[in-house]
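Below, the structure written as structure tokens:
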């Protein structure tokens with residue numbers, strides 16, 4: 019019996035857990051407690067409800083953690099395009115000094131040459147505008163010059179000027195330009211990335227729920243196989259007793275022993291299926307960085323029970339067409355095509371641009387009046403009078419517009435013949451028509467999928483009733499065969515056959531319940547996102 023005990027000891031669920039699971043499948047909890055043994059300690063046990071599994075997966079699932087970065091990355095891309103409208107501040111600080119030889123009497127220099135020094139401090143700001151595709155450039159320039167040139171009226175000389183330029187497209191780039199087109203497309207891509215994250219969450223929730231039900235099925239299947247193994251062992255024990263008292267030939271034991279070996283194999287396969295289901299569920303729910311990721315065992319606290327679900331195909335189809343993530347993403351891609359069509363249509367217009375310039379300047383410093391030679395009229399270098407105009411006074415003259423200037427310029431350009439923009443517009447329109455047909459095809463696929471998963475719910479509900487009736491009848495048949503066998507009216511072959519049929523019926527009922535629960539999950543999920 020060591021061989022039999024070894025297989026019983028490897029049961030992957032506790033007796034209490036098996037009793038909880040099989041109670042939903044028409045099996046006897048008392049019998050389940052006698053066929054399952056407490057497994058050796060392999061790690062911490064995590065009791066988990068299906069809602070807790072979903073909540074934990076949304077927080078810890080690695081794929082979701084990766085997908086959560088996509089909207090953030092798209093936000094940064096949008097910020098990158100918004101930066102085109104960020105004002106650009108520029109400034110210049112410079113100083114220089116030079117000495118040049120005096121080459122003629124009109125150069126205003128001395129025998130030592132002409133010395134001059136310049137200092138400048140210039141600031142400005144320029145940027146695109148977020149309205150009508152315009153741009154502006156404002157500059158404020160300041161300078162201080164010194165020289166020994168006798169012809170210079172100011173020494174030192176202070177210069178201040180203010181200039182402003184505004185460029186406005188009149189046709190092309192007026193309603194939409196490259197910067198606004200890229201920004202709008204980036205914002206749409208951000209919305210698509212949000213939808214894709216919602217899709218990832220919906221798919222993960224669906225996978226977690228189905229994996230949870232698969233684990234329940236694996237645990238329940240082990241209970242069914244253990245129960246079947248117990249029946250085969252009991253038959254083998256009864257047959258050996260009959261051989262000992264001489265009412266059965268020893269050769270008839272071989273069939274019972276073969277049946278026990280076959281059902282022991284089924285137990286082994288059921289235990290392996292539990293391990294696979296454990297790995298699948300833990301990979302979906304938990305973060306593998308935890309120390310006990312591979313050793314912790316998950317105990318489902320929920321059971322699979324049959325709860326009839328109302329299937330409204332028309333309402334489900336309408337809900338899916340309005341909310342499903344792939345349909346929403348396709349429609350937002352169509353909106354991107356609309357933006358591109360607007361842009362290329364605008365780019366096919368003539369390029370007419372107006373440019374307005376305004377400037378104001380003033381000069382200050384120390385203004386001197388020099389003595390002049392009575393014969394030549396040239397300055398002699400002697401200063402007769404001097405009047406100082408301060409820097410603030412110079413700025414006042416500048417911003418007061420004492421010496422203004424302005425200009426207006428309009429430039430027009432238009433290609434002769436078909437332009438590149440017209441070809442791009444035709445291509446964008448064709449792509450838009452193609453995208454509209456693709457959405458129609460996608461809506462047809464969505465409708466077909468929703469109808470199919472709705473039918474699966476209805477079909478599996480009928481399977482539950484059918485398999486439940488089949489299991490009840492199989493139990494009655496086994497009971498009848500055992501009574502006939504006890505009365506000597508049949509052989510052990512028919513008892514073993516009835517046991518196999520009961521095992522199949524119990525497993526079919528268990529599978530039908532799980533498939534029904536999974537079909538309800540899929541029916542809900544297919545209205546939210548595609549099922550991968």
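In this note's numbering, the protein residues as written are 19 to 550.
Backbone N, C-alpha and C fix where the C-beta goes; we use that ideal spot for every residue, glycine too.
Taking the alpha-carbon of residue i as reference, which of the options has the nearest alpha-carbon?
| i | options | result |
| --- | --- | --- |
| residue 69 | 111, 318 and 134 | 318 |
| residue 354 | 450, 544 and 156 | 450 |
| residue 154 | 375, 494 and 81 | 375 |
| residue 455 | 492, 345, 545 and 430 | 345 |
| residue 219 | 119, 77, 521 and 501 | 77 |
| residue 85 | 208, 151, 479 and 262 | 208 |
| residue 425 | 304, 408, 185 and 438 | 185 |
| residue 202 | 464, 114, 357 and 472 | 357 |
| residue 427 | 371, 515 and 437 | 371 |
| residue 235 | 296, 212, 443 and 508 | 296 |
| residue 440 | 508, 368, 528 and 280 | 368 |
| residue 204 | 92, 255 and 305 | 92 |
| residue 359 | 448, 315 and 415 | 448 |
| residue 89 | 285, 311 and 211 | 211 |
| residue 516 | 268, 194, 110 and 246 | 246 |
| residue 231 | 71, 113 and 304 | 71 |
| residue 433 | 194, 415, 366 and 197 | 366 |
| residue 462 | 336, 361 and 268 | 336 |
Tell me which same chain residues have a C-beta within less than 8 Å of the C-beta of residue i, skipping the five on either side of it?
| i | result |
| --- | --- |
| residue 104 | 145 |
| residue 475 | 327, 329, 534, 537, 538 and 541 |
| residue 543 | 220, 221, 223, 224 and 549 |
| residue 331 | 468, 469 and 472 |
| residue 106 | 143, 144 and 145 |
| residue 255 | none |
| residue 80 | 305 and 306 |
Under DSSP, the beta strand (DSSP E) around residue i begins and ends at which residues?
| i | result |
| --- | --- |
| residue 86 | No beta strand (DSSP E) contains residue 86, which DSSP labels as neither H nor E. |
| residue 431 | 422 to 431 |
| residue 114 | 106 to 118 |
| residue 316 | 315 to 318 |
Taking its Cβ as the centre, do 16 or more other Cβ atoms sit within 10 Å of residue i, making it buried, or is it exposed?
| i | result |
| --- | --- |
| residue 342 | buried |
| residue 445 | exposed |
| residue 490 | exposed |
| residue 293 | exposed |
| residue 547 | buried |
| residue 206 | buried |
| residue 524 | buried |
| residue 238 | buried |
| residue 499 | buried |
| residue 227 | buried |
| residue 405 | exposed |
| residue 108 | exposed |
| residue 198 | buried |
What residue range does the alpha helix (DSSP H) around residue i cover?
| i | result |
| --- | --- |
| residue 172 | First-last for residue 172: 172 to 187, but that is the beta strand (DSSP E), not the alpha helix (DSSP H). |
| residue 512 | 510 to 543 |
| residue 136 | It is not in any alpha helix (DSSP H) - residue 136 instead sits in the beta strand (DSSP E) that spans 132 to 146. |
| residue 506 | Note, residue 506: premise wrong, no alpha helix (DSSP H); not H, not E. |
| residue 261 | 196 to 263 |
| residue 335 | 331 to 341 |
| residue 413 | 409 to 417 |
| residue 294 | 270 to 303 |
| residue 63 | That residue, residue 63, is in no alpha helix (DSSP H); its beta strand (DSSP E) goes 63 to 66. |
Check the Cβ-Cβ distances between residue i and every residue of chain D, and say whether any is below 7 Å.
| i | result |
| --- | --- |
| residue 499 | Included in the structure is just one protein chain, with no chain D present. |
For residue i, write down the residues that DSSP places opposite it in a beta bridge.
| i | result |
| --- | --- |
| residue 477 | DSSP lists no partner for residue 477. |
| residue 164 | 135 |
| residue 546 | For residue 546, which the question treats as bridged, DSSP gives no partner whatsoever. |
| residue 464 | Partner(s): none; residue 464 has no beta bridge. |
| residue 373 | 185 and 427 |
| residue 156 | 143 and 182 |
| residue 380 | 178 |
Return the chain-ordered list of same chain residues with a C-beta closer than 7 Å to the C-beta of residue i, the five sequence neighbours on each side being excluded.
| i | result |
| --- | --- |
| residue 510 | 253, 257, 270, 273, 274 and 503 |
| residue 82 | 76, 218, 219 and 222 |
| residue 497 | none |
| residue 464 | 338, 339, 342 and 345 |
Looking only at its own chain, which residues have a Cβ that is under 6 Å from the Cβ of residue i, when we skip the five neighbours before and after it?
| i | result |
| --- | --- |
| residue 65 | 317 and 319 |
| residue 158 | 141 and 180 |
| residue 176 | 162, 382, 383, 409 and 412 |
| residue 191 | 151 |
| residue 288 | 239, 240 and 243 |
| residue 250 | 277, 278 and 281 |
| residue 45 | Only weak support exists for where residue 45 lies, its pLDDT of 35 falling under 50; the value from the coordinates is given anyway. Once the five neighbours on either side are set aside, residue 45 has no close Cβ partner at all. |
| residue 314 | 61, 62 and 64 |
Does the ligand NAD have a heavy atom nearer than 6 Å to the CB of residue i?
| i | result |
| --- | --- |
| residue 482 | Among the components of this structure there are no ligands whatsoever, and the ligand NAD is therefore not found. |
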